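K.L.:
Sharing a structure, written as structure tokens. Questions coming.
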Amino acid sequence: MVAESDETQKKLPGNRRIPTASNVSGRPQEHSVHTVVVDRDRCAGNGICEVLDPAHFEIGKNGALIILSPSVAPADLSRVHAAVEACPASALRVD
407 MVAESDETQK KLPGNRRIPT ASNVSGRPQE HSVHTVVVDR DRCAGNGICE
457 VLDPAHFEIG KNGALIILSP SVAPADLSRV HAAVEACPAS ALRVD
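Going by my numbering, the final residue of the sequence shown carries number 501, and the count climbs one at a time with no gaps.
Following this line, the structure appears as structure tokens:
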């Protein structure tokens with residue numbers, strides 16, 4: 407990866423980086439800020455996400471998904487992606 411100076415990197419609010427030639431690879435960047443998002447219209451409350459990553463997901467008493475921590479640290483990204491990919495309703499995504 408080619409390092410860029412702080413002057414040439416453009417950032418969005420929340421320190422999200424604008425894609426540049428050095429950080430567009432299709433893979434999450436360790437320094438990027440990621441957020442888990444649920445499509446409430448699609449979520450069926452199956453709870454697979456909660457089983458795979460209870461630090462980020464919980465099914466409430468009413469059967470609705472609760473996102474416990476929308477921000478995803480780089481160390482948690484693989485668990486969150488596993489939960490997103492396992493969702494039978496395709497109701498989860500990571501931005």
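Just so it is clear, CB atoms sit at the ideal spot from N, CA and C, and this is done for glycine as well. Just so we're clear, the structure is a prediction, and the values are computed from it rather than from any experiment.
For residue 503, I'd like the list of residues in its chain whose CB is within less than 7 Å of its CB, leaving aside the five on either flank, ordered along the chain.
P.N.:
Since the displayed the chain opens at 407 and closes at 501, residue 503 lies outside it and no answer follows.
K.L.:
Give the DSSP-derived three-state secondary structure of residue 462 in the structure shown.
P.N.:
Coil.
K.L.:
Can you pull the DSSP bridge partners for residue 444?
P.N.:
498
K.L.:
According to DSSP, is residue 471 helix, strand or coil?
P.N.:
Residue 471 falls in the strand class under three-state DSSP.
K.L.:
Quick check on the DSSP output: the alpha helix (DSSP H) that includes residue 490 runs from which residue to which?
P.N.:
483-492
K.L.:
Under 8 Å by Cβ, that's how I've got residue 498 and residue 489 pegged, so tell me the actual separation to the nearest angstrom.
P.N.:
7 Å
K.L.:
Please report how far the alpha carbon of residue 462 lies from the alpha carbon of residue 441, in whole angstroms.
P.N.:
11 Å
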